[in-house]
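Q:
Residue numbers (our numbering), protein chains in the order written: chain A, 1 to 487; chain B, 1001 to 1412.
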């Protein structure tokens, strides 16, 4: 069931009405049943997987808590991590491992290996598996386990965040389930506004950009370097609006039941360096990676080279979390390298004889340049992320950095995009991308002012009416799935 | 929903009062009021809304056809319908006859057929071709219902059919084609809504959309957006000509296949006879896909549309000649066992029961492989040959000849 579908438009109000019409003590059950129905709307059989993992982690949580010896706690934690990661590895990485084995044995003259069965990736598995690992790890670290089974089951399966996060923390979430839910007019308004804003981002911006991006990334050989830069910028905005749109709808939907889901994005393309980018992009994943990968590896309280190693391992795993493919791995390594370079640069400018560099970076032009550099570095990473294969990504990167004259005899090296006049995307794309960039800056400013709070109610009503109109009119007939559904 | 945590359940009056303090509620209410007002205003006077369906951001092939039919001063005597099989024959025939390239967007009159019929029946016939790539039987019904009844109603329809017009693995639902969608804007196809939408959700979406004026007029708003964006880019970038397609066809077709169909007037030409006519492209892979997993439900559904189309034509007094289009033996062999025979039986039965004529031109003796550009489409000489055979078969069959001979003269 997609958030931007008629099914969800019917499902959400029904659950909303049932929830508020039901006495407080049964509300968690209402949401749990609704969440299972939501999950079963795709492939009913996979409900057994989510229920199985829920039961296993629920009891292992208690076992960890009850264990007297640290060694025993460790055994239970290891069991939990193995169960969760093995499930993830089976569904998500079996084909990848099979390909790796085939590649390794090929030089020995051995035939390729084949899996004896087909594997379908269950929706949202990467997200709820990470939530279970977070839960058992935190119980191991001393947190109280969740006593209420329905609350625990709902924590993992809560339908607004079930498929693509944000990755929740049970310490924030469970108390909300157990407390009395309240809905006020202002919460309702904020919730519906978030849903409308999410739909606007998804169907109006991301979906329309996706047709354009698909054309470019799927046929990179047809386009010049300049065209490919435009496609890459378009993808940067597509993935941001797609995922942050999803998160807005998820947060808005949760808010309708009186629950707060943390933000996942904070205007990431305004980041002045790559470290800041990861504090603004997919925040729930980056903090998870920090808490459950980077810090256990030693974090930043280690020697210079060990910190670099920790960063590289963490980001490589972060890349692989997105998918079992070499291009995701390269994307992760690329971000790891960027973080290492950033750390080295920070260390360099903090040296006494590089005070001029520190001042230059802190200056206004320096800040703008840092932001632009960070954005472009992220864009190069997106090429690896979006390309179907590594070879295609490297072909694109090579062309993007090949400085041919823009207009010359050969069609293949001249910028062809400005000559395309498809409606909506063309020529709007040349207006849309700068507008999105400006909007990003504008939102950065709005967030620092009481602009929204001071806006009169009538203006907000007009905004709401306009949003309904725009989403209804400009959404494509066939809306692609949310990008993060595949992870 | 209250401003403060409620201790007792609020009554309807209190809920309404709370709702009025919600800007979301006010915004949604405003939207419904605007939408409802537009619906009522256009029901009372349709001219209140300043747009018409021909003003569209996407100029698909069917748009070019509809536009040119609208410009015709008189309704045509004969309308030709069919898929790209008929399209290839029609354009190829005229390219061979006139020895000039035929522009897909503008060329809608079969000069060759008009001349052949004149020579045989000694009177003038005007034609108009609305054969379109991928046209299914449901599309042919939609065209007949929306475009070929009323002011531009022809006296006769020659409809070229082939099994693929009834069974196509690539087709989502009848309502999903560009032809069907555009025809839904020109006419009222609500009578087939339940059959045309693939599943209950699609149908539900259709009916939900029908309730909203703004939703049903989405293409009008997109058109306005397109015009405004064009104007802005024209001014900002100095483009002078935004109507013609400048981007190479290869890139448009290959890279932007997912975008809505939008074709330029200079985009596809059919050249006069040349050495390239001898090139045979083996497209059996494409047809294997089309004929894959025979979907009996779809087949029967599409046959239902053919029946509807024949009944509609009969009710409107339009004569119909169904022409079974030539295919190569290789193509027929790709079909599931007994499929072709079953198709022929049903089509012949429908023709008889709905007072239509049926001509079977799928004869490998009449159309050897040299007349084909691939396993299904005729090449340029093949197109000329097809029109000649068609005219000859029309003359040779007494009933068909009588039908066409007795068509009222234009102006009667």
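By construction, the Cβ of each residue, glycine as well, lies at the ideal position given by its N, Cα and C atoms.
1) Looking at the unbroken alpha helix (DSSP H) that takes in residue 163(A), where does it start and where does it end?
2) Leaving out five residues before and five after residue 150(A) in sequence, what residues of the same chain have Cβ atoms less than 7 Å from its Cβ?
3) Taking 7 Å as the cut-off, decide whether the C-beta atoms of residue 49(A) and residue 122(A) are in contact.
4) Which same chain residues end up closer than 7 Å to residue 253(A) when comparing Cβ atoms and leaving out the 5 residues on each side of it in sequence?
5) Taking the CB atoms as reference points, tell me whether residue 1407(B) and residue 1124(B) lie closer together than 7 Å.
6) Quick one: what's got a C-beta closer than 8 Å to residue 6(A)'s C-beta in the same chain, skipping five residues either side?
7) What are the boundary residues of the beta strand (DSSP E) that residue 1056(B) is part of?
8) Beta carbon of residue 137(A), beta carbon of residue 61(A): below 7 Å?
9) I'd like to know whether the C-beta of residue 207(A) is nearer than 7 Å to at least one C-beta of chain B.
10) Label residue 1050(B) either buried or exposed according to how many other C-beta atoms from any shown protein chain fall within 10 Å of its C-beta, with 16 as the threshold for buried.
11) Along chain A, in chain order, which residues have C-beta atoms closer than 9 Å to that of residue 1171(B)?
12) If you run the structure through DSSP and keep just helix, strand and coil, what is residue 1358(B)?
13) Can you check whether the C-beta of residue 1018(B) is within less than 7 Å of a C-beta belonging to chain A?
14) In whole angstroms, what is the alpha-carbon distance linking residue 276(A) and residue 1194(B)?
15) Mind reading off the beta-carbon distance from residue 1113(B) to residue 1391(B)? Whole number of angstroms is fine, and I expect it under 8 Å.
16) Output needed in chain order: residues of the region 1191-1203 of chain B with a Cβ under 7 Å from some Cβ in chain A.
17) Fully enclosed by the region 1331-1391 of chain B, which beta strand (DSSP E) runs are 3 residues long or longer?
18) Starting from the C-beta of residue 271(A), find all residues in its chain whose C-beta is less than 6 Å away, skip the five residues before and the five after it, and write them out in chain order.
19) Let me know the alpha helix (DSSP H) ranges lying completely inside the region 345-403 of chain A, each 4 residues or longer, listed in chain order.
20) With C-beta atoms as the reference, is residue 57(A) less than 7 Å away from residue 129(A)?
21) Would you say residue 472(A) faces chain B, with C-beta separation under 7 Å as the test?
22) Where residue 64(A) and residue 140(A) are concerned, what is the direct C-alpha to C-alpha distance, given to the nearest angstrom?
23) Which residue marks the beginning of the alpha helix (DSSP H) containing residue 1319(B), and which one marks its end?
24) Can you give the Cα-Cα distance for residue 1088(B) and residue 1313(B), rounded to whole angstroms?
25) For residue 213(A), which residues of its own chain have a beta-carbon under 8 Å away from its beta-carbon, when the five flanking residues on both sides are left out?
26) Comparing alpha-carbon positions, which option in 79(A), 55(A), 258(A), 325(A) lies nearest residue 175(A)?
27) Give a yes or no on contact between the region 346-357 of chain A and the region 182-195 of chain A, applying the rule of three or more CB pairs nearer than 8 Å.
28) Pick helix, strand or coil for residue 120(A), following the three-state DSSP scheme.
29) Please report how far the alpha carbon of residue 1355(B) lies from the alpha carbon of residue 1291(B), in whole angstroms.
30) For residue 1159(B), which residues does DSSP report across the bridge?
31) Could you give the C-beta distance for residue 1157(B) and residue 474(A), rounded to a whole number, given that I count them as a contact under 8 Å?
32) Comparing the C-beta of residue 1024(B) with each C-beta of chain A, is any distance below 7 Å?
33) In the structure shown, what three-state DSSP assignment does residue 1269(B) receive?
34) Can you have a look at residue 327(A) and say buried or exposed, based on whether 16 or more other CB atoms are within 10 angstroms of its CB?
35) Output, in chain order, the set of chain A residues within a Cβ distance shorter than 9 Å of residue 1160(B).
36) Do we get a CB-CB distance below 7 Å when we pair residue 204(A) with the residues of chain B?
A: Taking the geometry as given:
1) Here residue 163(A) belongs to no alpha helix (DSSP H), and DSSP marks it neither H nor E.
2) 28, 29, 32
3) yes
4) 12, 160, 195
5) no
6) none
7) Residue 1056(B) -> no beta strand (DSSP E), and no H or E assigned at all.
8) no
9) no
10) exposed
11) Residues of chain A passing the Cβ test: none, with the nearest at roughly 14 Å.
12) It is a strand residue.
13) yes
14) 53 Å
15) 7 Å
16) Using a CB distance below 7 Å, the part of the region 1191-1203 of chain B facing chain A consists of 1201, ordered along the chain.
17) 1357-1360
18) 277, 280, 374
19) 355-362, 364-386, 390-400
20) Contact check for residue 57(A) against residue 129(A) fails: the beta carbons are separated by 7 Å or more.
21) yes
22) 6 Å
23) Here residue 1319(B) belongs to no alpha helix (DSSP H); instead the beta strand (DSSP E) covers 1319-1324.
24) 25 Å
25) 231, 234, 235, 238, 386
26) That would be 258(A), whose Cα lies nearest to the Cα of residue 175(A).
27) Taking 8 Å as the limit for Cβ pairs, the verdict is that the region 182-195 of chain A does not touch the region 346-357 of chain A.
28) The answer is coil: DSSP assigns residue 120(A) none of H, G, I, E or B.
29) 29 Å
30) 1081(B), 1322(B)
31) Going by Cβ atoms, the distance from residue 1157(B) to residue 474(A) rounds to 37 Å, so no, they are not a contact pair.
32) yes
33) In the structure shown, residue 1269(B) adopts extended strand secondary structure according to DSSP, grouped into three states.
34) buried
35) Under the 9 Å cutoff, chain A gives no residues; its nearest Cβ is about 29 Å from residue 1160(B).
36) no
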